[in-house]
Amino acid sequence: GSVSGSHDEL
Amino acid sequence: MNIFRLAGDMTHMFSVLVLLLKIHTIKSCAGVSVKTQELYAIVFATRYLDIFTSFVSIYNTFMKLVFLGSSFSIVWYMRYHKAVHRTYDREQDTFRHWFLVLSCLLLALLIHEKFTFLEVLWTFSLYLEAVAILPQLVLLQRTRNIDNLTGQYIFLLGGYRGLYILNWIYRYFTEPHFVHWITWITGLVQTLLYADFFYYYFLSWKNNKKLN
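Keeping their order, the protein sequence lines are chains G and F. Going by our numbering, the first residue of the first sequence is number 37, and it counts up by one from there. Going by our numbering, the first residue of the second sequence is number -7, and it counts up by one from there.
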C-alpha cells in the first residue's frame, strides 16, 4: 500500500 | 521493522494483555482508570482508521486488531460487566478527560503534517496518546497501594513508547528523509510523563517492597 514513512508504524 | 520497534510492539501488546488478563481472571479493575482506557480506545480508533484502506503487512493489521479489540473490551468490562464494574473506583477516577480530547483535537487542527481528514485524526491520536495516561497516574496517586498487575501494566505501557524512541533514532540514521517531528515530540512527552512512575517502580523493585 502507499504508506508514507510514519504511517507504517502502530 | 527493527528490533526496537518489534520490542516496542511486543511490550505494548503485553501491557494490554496483562490488564485484560487481570480484569478477565480476577474480575477486578481496582486501581485502573476507565478514563485512560477510554482515551486509548479513542487513540486506536482514530489512528487505525486506515486499517482497511492502506494495507502495510499482516503483522501490522493483526496488531491493530489486537489493540482495537483489547482496548474496547477493557472499556466494556469496566463499564458494563457487573462484577468488574463493582470494583471500579468511581469516586477516585475523576479526571476530566474530555478536556484532553477537545484540546488534542484543536491542537491537531492547528499542527499537523497534512490537512486531510485521516491525517488530522492520526495526528490527534498521537497527541491524545501522549496524555492518555494522566487519569491513570492521578488515580495511582490517590490509591494507597496498587496491585502488581496494575503496576506491571503501567510499566510496560510506559516502556513501549520509550522503545519506539530508540526505533525512531535507528530509522533516522538508516533511512534517508525519515523525519517526523510530531511523532517524535509526542513520543518523548509521553515517555517523560512516566518518569516519576518509573522512579518509584524501580525503587519498589530494588527494595523489594510494595509500590505505593
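Backbone N, C-alpha and C define an ideal beta-carbon position, used for all residues, glycine too.
Open item on the list: Ignoring anything shorter than 4 residues, give me the alpha helix (DSSP H) runs that lie fully in the region 58 to 117 of chain F, in order along the chain.
Closed with: 74 to 78 and 89 to 102
Open item on the list: Once the 5 residues before and after V76/F are set aside, which same chain residues still bring their CB inside 8 Å of it?
Closed with: Along the second sequence, one-based indexing puts residue 76/F at 84. Excluding sequence neighbours, V76/F sits near I15, K19, S20, C21, Y69 and M70.
TODO: Please state if the CB of S25/F and the CB of P127/F are separated by a distance shorter than 7 Å.
DONE: In the second sequence, residue 127/F corresponds to position 135, counting from 1. In the second sequence, residue 25/F corresponds to position 33, counting from 1. Result yes, Cβ atoms of P127/F and S25/F sit closer than 7 Å.
TODO: Rounded to whole angstroms, what's the CA-CA distance from L92/F to L120/F? Just pull it up for me.
DONE: Here residue 92/F corresponds to residue number 100 of the second sequence, with the count starting at 1. Here residue 120/F corresponds to residue number 128 of the second sequence, with the count starting at 1. Answer to the nearest angstrom: the Cα atoms are 7 Å apart.
Task: Sequence-distant residues of its chain with Cβ nearer than 7 Å to L148/F (five each side left out) - done: Your numbering for residue 148/F matches position 156 in the second sequence. Within the same chain, L148/F has close Cβ partners T3, F6, S7 and V10.
Task: Neighbourhood of T38/F by C-beta, 8 Å cutoff - its chain only, sequence neighbours within 5 removed - done: Translated into positions along the second sequence, residue 38/F becomes position 46. Answer for T38/F: L113, W114, F116, S117 and L120, listed in chain order.
Open item on the list: By the three-class DSSP mapping on this structure, what secondary structure does V218/F have?
Closed with: Here chain F covers residues -7 to 204 and nothing more, so residue 218/F does not appear.
Open item on the list: Suppose you measure from the CA of Q29/F to the CA of H73/F; what does that come to, to the nearest Å?
Closed with: Indexing the second sequence from 1 puts residue 29/F at position 37. Indexing the second sequence from 1 puts residue 73/F at position 81. About 15 Å.
Open item on the list: Taking 6 Å as the limit between beta carbons, can you name the residues of its chain near R163/F, skipping five residues before and five after?
Closed with: Against the second sequence, residue 163/F aligns to sequence position 171. Hits under 6 Å: F170.
- [ ] Give the secondary structure of P168/F by DSSP, where H, G and I count as helix, E and B as strand, and everything else as coil.
- [x] By one-based count along the second sequence, residue 168/F stands at place 176. Reduced to three states, the DSSP call for P168/F is coil.
- [ ] Report buried or exposed for G41/G, applying the criterion of at least 16 other Cβ atoms within 10 angstroms of its Cβ.
- [x] If you number the first sequence from 1, residue 41/G lands on position 5. A caution first: G41/G carries a pLDDT of 47, below 50, which makes its placement in the model too unreliable to give a value.
TODO: Would you grab the beta carbon distance between T142/F and G23/F for me? Rounded to a whole angstrom, and I think it's under 8 Å.
DONE: Taking the second sequence and counting its residues from 1, one reaches residue 142/F at position 150. Taking the second sequence and counting its residues from 1, one reaches residue 23/F at position 31. Yes, they are in contact, since the Cβ atoms of T142/F and G23/F sit about 5 Å apart, within 8 Å.
Task: chain G contact for M5/F (CB, 7 Å cutoff) - done: Your numbering for residue 5/F matches position 13 in the second sequence. For M5/F, the answer is no, since every Cβ of chain G falls outside 7 Å of its Cβ.
Open item on the list: Tell me the DSSP secondary structure of A33/F in three-state form.
Closed with: Here residue 33/F refers to the residue found at position 41 of the second sequence. Helix, per DSSP.
TODO: Can you say whether E83/F is buried or exposed, counting buried as having 16 or more other CB atoms within 10 angstroms of its CB?
DONE: Walking along the second sequence from the start, residue 83/F turns up at place 91. Exposed, because fewer than 16 other Cβ atoms sit within 10 Å of the Cβ of E83/F.
Open item on the list: Let's test the definition: count the other Cβ atoms within 10 Å of the Cβ of I125/F and tell me whether it reaches 16, buried, or not, exposed.
Closed with: Taking the second sequence and counting its residues from 1, the one referred to as residue 125/F is at position 133. Counting Cβ neighbours within 10 Å, I125/F comes out buried, since at least 16 surround it.
Task: DSSP state of M55/F mapped onto helix, strand, coil - done: As a working note, residue 55/F is residue 63 in the second sequence. Residue state, collapsed to three classes: helix.
Task: Buried or exposed by the 16-neighbour rule on C-beta atoms within 10 Å, applied to I161/F - done: Within the second sequence, numbered from 1, the residue matching residue 161/F stands at position 169. Result: exposed.
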